[in-house]
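The next block holds one structure in the form of structure tokens; read it before the comments.
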Ligand SMILES: Cc1nc2ccc(C(=O)N[C@]34C[C@H]5C[C@H](C[C@H](C5)C3)C4)cc2n2c(-c3ccccc3Cl)nnc12
Ligand SMILES: [Mg+2]
Ligand SMILES: [Zn+2]
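So this is what it looks like as structure tokens:
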């Protein structure tokens, strides 16, 4: 599936570190990067954080692993390799810019596990939700529905499968204790990307932020790691309006296709999945208000230098409010397409 020439091409991609300044800034948009270059950027980010050196990551193993991960994503409208790459890039940004390891918030092993989990967290996503798996009784549901988080358990299984593929085990420089700790972290972090799981934790995360982070409290350290996963998964909403709106478009392409499928199967889709009923601006105001802004508010409370991210999400919500007001007038007069936002 991965040709040796692909690996050598990656290793000689010659993307010098002079490109690093571009990667650093919060507004570097991963979606503009050429597919082939993505993997070189991933290598550079691991290297820039000193992880290649510290964990004896072999470059050819890392290149092969990254190629398998990239091939492990389908071309769904939103849940594709570019989503994984931009989530990974965001985790690199927060680790680097908030200096999480130097300041002792997370260990360097946790940082490594966080970045690898971001890359793998949606592997083999089909563009449908956990409830769709259960309701339509897919093979993934029969495998995982008893424990919940069906898709996330599948993403984890795919990640472990790649790590067990010949020449792809990037962790073979770790001691057996570090290796098992790293895999436990990857398991917990990928499962934490189920938003239903996040919702159960967010009050504890808010409590942690108001009390102040307790470096001796392991529960605080775990809650922070889960928060960082959720922030990374939602990071498109911290970018400019054009990107945040484009992302919403792609997500609703997946949701509406699922809704069409559910109707064809005789099941009534949720309103947000039904292209006839969904009002995207109103749904996005709810998503930002109930899930996105609270998460970046917690991050900004813990790290004041991350306040710019919270401000971006609030600005994007304001844009949706304006769009909603505009649409309210048009919906009254019977038009419903988002075309004006182009
Ligand atoms: C732009 C945008 N809109 C989104 C609108 C809605 C939802 C969403 O899952 N809502 C909920 C609403 C309640 C309580 C829980 C569980 C379910 C019931 C479904 C969450 C996600 C959205 N989303 C994501 C995203 C992030 C992580 C996983 C999957 C996805 Cl799709 N990434 N970007 C977006
Ligand atoms: Mg996911
Ligand atoms: Zn995701």
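Numbering (the working numbering), first residue to last: 69 to 410. Just so it is clear, CB atoms sit at the ideal spot from N, CA and C, and this is done for glycine as well.
With at least 16 other beta carbons inside 10 angstroms of its own, residue 266 counts as buried.
Only buried fits residue 391, as 16 or more other CB atoms lie within 10 angstroms of its CB.
When DSSP states are grouped into helix, strand and coil, residue 390 belongs to the helix group. Counting only the Cα atoms, residue 77 lies some 28 Å from residue 224. Within the same chain, and ignoring the five residues on either side of residue 98 in sequence, the residues whose Cβ sits closer than 6 Å to its Cβ are 153, 154, 157. A Cβ-Cβ contact shorter than 7 Å links residue 227 with residue 188. Inter-residue distance for residue 286 and residue 80 is about 41 Å (C-alpha atoms, whole angstroms). In this chain, the alpha helix (DSSP H) harbouring residue 149 covers 149–165. Taking C-alpha positions only, residue 316 is separated from residue 219 by approximately 20 Å. Nearest to residue 333 by alpha-carbon distance, out of 352, 258, 201, 309, is 201. Residue 312: member of the alpha helix (DSSP H) spanning 309–332, first to last residue. Taking the CA atoms as reference points, residue 117 sits about 13 Å from residue 124. Remark: C-beta atoms of residue 217 and residue 180 do not approach each other more closely than 7 Å. In the same chain as residue 148, and ignoring 5 residues on each side of it, the C-beta atoms closer than 7 Å to its own belong to 141, 142, in chain order. Distance from the CA atom of residue 342 to the CA atom of residue 327, rounded to whole angstroms, is 5 Å. Within the same chain, 160 come within 6 Å of residue 113 by CB-CB distance, once the 5 residues on both sides are set aside. For residue 349, the CB contacts under 7 Å within the same chain, skipping 5 residues up- and downstream, are 388, 391, 392, 395 in chain order.
Using a Cβ distance threshold of 7 Å, residue 291 and residue 145 do not count as a contacting pair. Residue 236 is positioned such that its CB atom lies closer than 7 Å to that of residue 136. If you compare the alpha carbons of 331, 232, 375, 345 with that of residue 299, the shortest gap goes to 375. Spatial neighbours of residue 222 in its own chain (CB-CB distance under 6 Å, excluding positions within 5 residues in sequence) are listed in chain order as 208. If the five residues before and after residue 185 are omitted, its C-beta is found closer than 6 Å to the C-beta atoms of 254, 257, 258, all from its own chain and listed in chain order. The beta-carbon separation of residue 238 and residue 133, rounded to 5 Å, stays under the 8 Å limit for a contact. Around the beta carbon of residue 232, a 10 Å sphere encloses fewer than 16 other beta carbons of the protein chains shown; the residue is thus reported as exposed.
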